[in-house]
Structure formats: C-alpha cells, structure tokens
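J.:
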Amino acid sequence: MKIYVTKNKDEMNQKAAELMLERIRKNPSTTLGLATGGTPEATYEYLVEDFQKQGTSYEHITTYNLDEYVGLSKDNPNSYHAYMQEHLFQHINIPLENTHIPNGLAEDLDTECDRYDTHIHGHGGIDLQLLGIGENGHIGFNEPGTSFGSRTHVVELAESTREANARFFDSIEAVPTHAITMGIQTILKAREIMLLISGERKRDALHRLLHGGISEDFPASALKDHPNLTVITDEDAL
Ligand code: F6R
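At position 105 of the sequence shown (counting the first as 1) the number is 105 in UniProt numbering, and the numbers step up by one without a gap.
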C-alpha cells in the first residue's frame, strides 16, 4: 500500500487527478473505474480543468462506474448517471458509448448485474479504479458483511449510508433503499486502485484500514491484499 497524506481535501483531489492523468497520458486507452459522492467531485474538476487547458484526450478512454441507485432514472439529478454527466462527461471528449453505469431501472436487476460484470470482464477489466469510503468502511455500496467474493449485485443500503447520502436529497425518505454495486471481487480485479479518504468523519475508517485486520465486517480491509493500492488522504482524516 502506498499512502500520500495531503494538507487538505483540495490537495487530495489534485493529487488524485495528477495520478489519473499520468496513467491516461501513458495509456490513452485506459479503462477507468469511477466513483461518485462528495469525495471525488474536485478530482473531476481538476480533470476538466486539465482538459480545457492541456487538451488531454478521452476519446479512447472507457469508464465503468461503481454503482447506481435502484429506481432513479438517468435524468433524476440524484442518479449517478446525472452526477457523472454534471461533474465529468459533459465537459470532456469521452464518447458516451464508452461510459458505463449500472442500470438501476432494469426490469430484471440480477440479469443487469451479471451483464455489467461480464461487460467489464469482456472489455479486459479495469486499469485504474477510483474509490471513496463510507464511514462504516463500505466501498462501492458493499456494506459490512458483504462477501469478499461478491460480483456486481443488488444491495439494500445500510440506514447509516442512507442518512449520510440524505444531504443530496430533499429528505431521507427520498433516498433509495437499494442500489446496484460492483462487488468486492469485481473491485479487487482492477489492476490498480486509488482510494481517497477525506475529513474527520472518515477518521475511524482510515484508522481501521491502516491498523485493523482483514475482515468482511469492514469491506475496505479487502483492499489491503491488493498488490497495487494507493491511498490518498488529507490531514483531517488522520
Ligand atoms: C460512490 C460510492 C461510495 C462513496 C462513499 C463515500 O460511488 O461508491 O462508496 O465513495 O459512500 O461517499 P462520500 O464521498 O460522499 O463521502
């Protein structure tokens, strides 16, 4: 595990964007795994800024998002489809057909999960997976207790996760109860993983990641066995 400690959230995001851009410039056909949420918003801002100033091209980049809520349409502003459009895709030259996000409106959600996992595999897997972390150690929406052998699947969101995400919705009742998420095994197959951890609220999670054992009670601990993991944290989370 490689760790970078940055002064604040902005520097953390800048560092993440810098490392992502290094990979993209080295391999313009990189396959990226992407996360949503509050943590990586400014990472995407830095990528957009670089695109506007340096013109780094995304023409041959492919992306797979970690997760999507069940029951929200693509144009619902709280869907992760809308998040990715707003924060990244509409600002860069990535062909939309190269971007993949689970379909939370699929009629048969289990078939959609299989399709998603098979698609990632068929494409040759993910080169670099960007991750945030939940206060309870979730990665993607893999809540404590999820099998480390899990593939993309439907999850019932933990109450604490719905409460944490309620800030993006009008009320907690509006937060979906279920989501589709890449499984832990799906995430671990990425050739490189970059985990961003920011803020006081994530202190326990970071401490447990660094000093605790590996257990399904704490999903992020699965990452400790990954051969190419970079953690970028800010001082508030330390
Ligand atoms: C988002 C995701 C989640 C978030 C985590 C932290 O795609 O999969 O695991 O990374 O819930 O969320 P924030 O960044 O909002 O604290």
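Ideal Cβ positions, reconstructed from N, Cα and C, are used throughout, including at glycine.
If you reduce the DSSP assignment to three classes, tell me which class Asp67 lands in.
T.: Taking the sequence shown and counting its residues from 1, the one referred to as residue 67 is at position 67. Asp67: strand per DSSP, three-state reduction.
J.: Can you find a heavy atom of the ligand F6R that lies under 7 Å from the Cβ of Phe89?
T.: Walking along the sequence shown from the start, residue 89 turns up at place 89. The answer is no for Phe89.
J.: Over what stretch of residues does the beta strand (DSSP E) that includes Leu229 continue unbroken?
T.: Locating residue 229 in the sequence shown gives position 229, where the first residue counts as 1. Run containing Leu229: 229-234, per the beta strand (DSSP E) assignment.
J.: Could you check whether Ile193 and Leu157 sit closer than 8 Å to each other, using their CB atoms as the reference points?
T.: Locating residue 157 in the sequence shown gives position 157, where the first residue counts as 1. Locating residue 193 in the sequence shown gives position 193, where the first residue counts as 1. No, Cβ-Cβ distance for Leu157 and Ile193 is not below 8 Å.
J.: Do three or more CB pairs link the segment 187-204 to the segment 132-140 at distances below 8 Å?
T.: The segment 187-204, when compared against the segment 132-140, does touch it at the 8 Å Cβ threshold.
J.: Starting from His33, follow its DSSP beta bridges and name the residues at the other end.
T.: Reading the sequence shown from its first residue, position 33 is the one you call residue 33. The question names His, but residue 33 in the sequence shown is Gly. Answer is Tyr64, Gln129, bridged to Gly33.
J.: For Ser171, count neighbouring Cβ atoms within 10 angstroms of its own Cβ and tell me buried if that reaches 16, exposed if not.
T.: Indexing the sequence shown from 1 puts residue 171 at position 171. It is exposed - the Cβ of Ser171 has fewer than 16 other Cβ atoms within 10 Å.
J.: Please classify Ser150: is it buried, with 16 or more other beta-carbons within 10 angstroms of its beta-carbon, or exposed?
T.: Along the sequence shown, one-based indexing puts residue 150 at 150. Buried: at least 16 other Cβ atoms inside 10 Å.
J.: Taking C-alpha atoms, which residue in Gly124, Ser73, His81 lies nearest to Ile61?
T.: Against the sequence shown, residue 61 aligns to sequence position 61. For Ile61, the nearest C-alpha among the options comes from Gly124.
J.: Let me confirm a value: Ile214 is counted as buried when at least 16 other C-beta atoms fall within 10 Å, else exposed. Which label applies?
T.: Within the sequence shown, the letter at position 214 stands for residue 214. Ile214 should be labelled exposed.
J.: With a threshold of 7 Å, establish whether the CB of Leu229 neighbours any heavy atom of the ligand F6R.
T.: Here residue 229 refers to the residue found at position 229 when the sequence shown is read from its first residue. Flag unset: Cβ of Leu229 not near the ligand F6R.
J.: Just to confirm my understanding: we take Arg208, look at its own chain, exclude 5 residues before and 5 after, and list those with CB closer than 6 Å. What are they?
T.: Working through the sequence shown from its first residue, we reach residue 208 at position 208. These residues qualify, in order along the chain: Phe218.
J.: Could you give the distance in angstroms between the alpha-carbon of Gly212 and the alpha-carbon of Lys53?
T.: The residue given as residue 212 occupies position 212 in the sequence shown. The residue given as residue 53 occupies position 53 in the sequence shown. Cα-Cα distance, rounded: 42 Å.
J.: Apart from the five residues just before and just after Asn76, which ones in its own chain have a Cβ nearer than 8 Å to its Cβ?
T.: Here residue 76 refers to the residue found at position 76 when the sequence shown is read from its first residue. The residues are Ala82.
J.: On the three-state DSSP scale, how would you describe Leu195?
T.: Counted from its first residue, the sequence shown places residue 195 at position 195. Strand.
J.: Can you check whether the CB of Ile24 is closer than 8 Å to the CB of Tyr64?
T.: Counting from one through the sequence shown, the residue named residue 64 turns up at place 64. Counting from one through the sequence shown, the residue named residue 24 turns up at place 24. Not closer than 8 Å, so no.
J.: State the start and end residues of the unbroken beta strand (DSSP E) segment that holds His153.
T.: The residue given as residue 153 occupies position 153 in the sequence shown. Run containing His153: 153-156, per the beta strand (DSSP E) assignment.
J.: Under the three-state reduction of DSSP, which class applies to Asn142: helix, strand or coil?
T.: Here residue 142 refers to the residue found at position 142 when the sequence shown is read from its first residue. The answer is strand: DSSP assigns Asn142 an E or B state.
J.: Would you list the residues sitting across from Lys2 in a DSSP beta bridge?
T.: Here residue 2 refers to the residue found at position 2 when the sequence shown is read from its first residue. Per DSSP, Thr230.
J.: Hey, Gly104 and Val70 are a contact pair by Cβ (cut 8 Å); roughly how many whole angstroms apart?
T.: Mapped onto the sequence shown, residue 104 falls at position 104. Mapped onto the sequence shown, residue 70 falls at position 70. Confirmed, Cβ separation roughly 4 Å.
J.: Cβ of Val48 within 8 Å of Cβ of Leu19?
T.: Residue numbering aside, residue 48 sits at position 48 when the sequence shown is read from its first letter. Residue numbering aside, residue 19 sits at position 19 when the sequence shown is read from its first letter. No, these two residues do not count as a Cβ contact at 8 Å.
J.: Taking the alpha carbon of Glu9 as the reference point, which residue from Arg201, Ser221, Ile139, Gln185 has its own alpha carbon closest?
T.: In the sequence shown, residue 9 corresponds to position 9, counting from 1. The sequence given here places Lys at residue 9; Glu does not occur at that position. Looking at the Cα atoms, Arg201 is the closest of the given residues.
J.: Between Leu195 and the ligand F6R, is the CB less than 7 Å from at least one heavy atom?
T.: In the sequence shown, the residue the question calls residue 195 occupies position 195. Answer for Leu195: no, Cβ out of range of the ligand F6R.
J.: Taking 8 Å as the limit between beta carbons, can you name the residues of its chain near Asn228, skipping five residues before and five after?
T.: For this step, residue 228 is matched to residue 228 along the sequence shown. Result list for Asn228: Arg191, Glu192, Ile193, in chain order.
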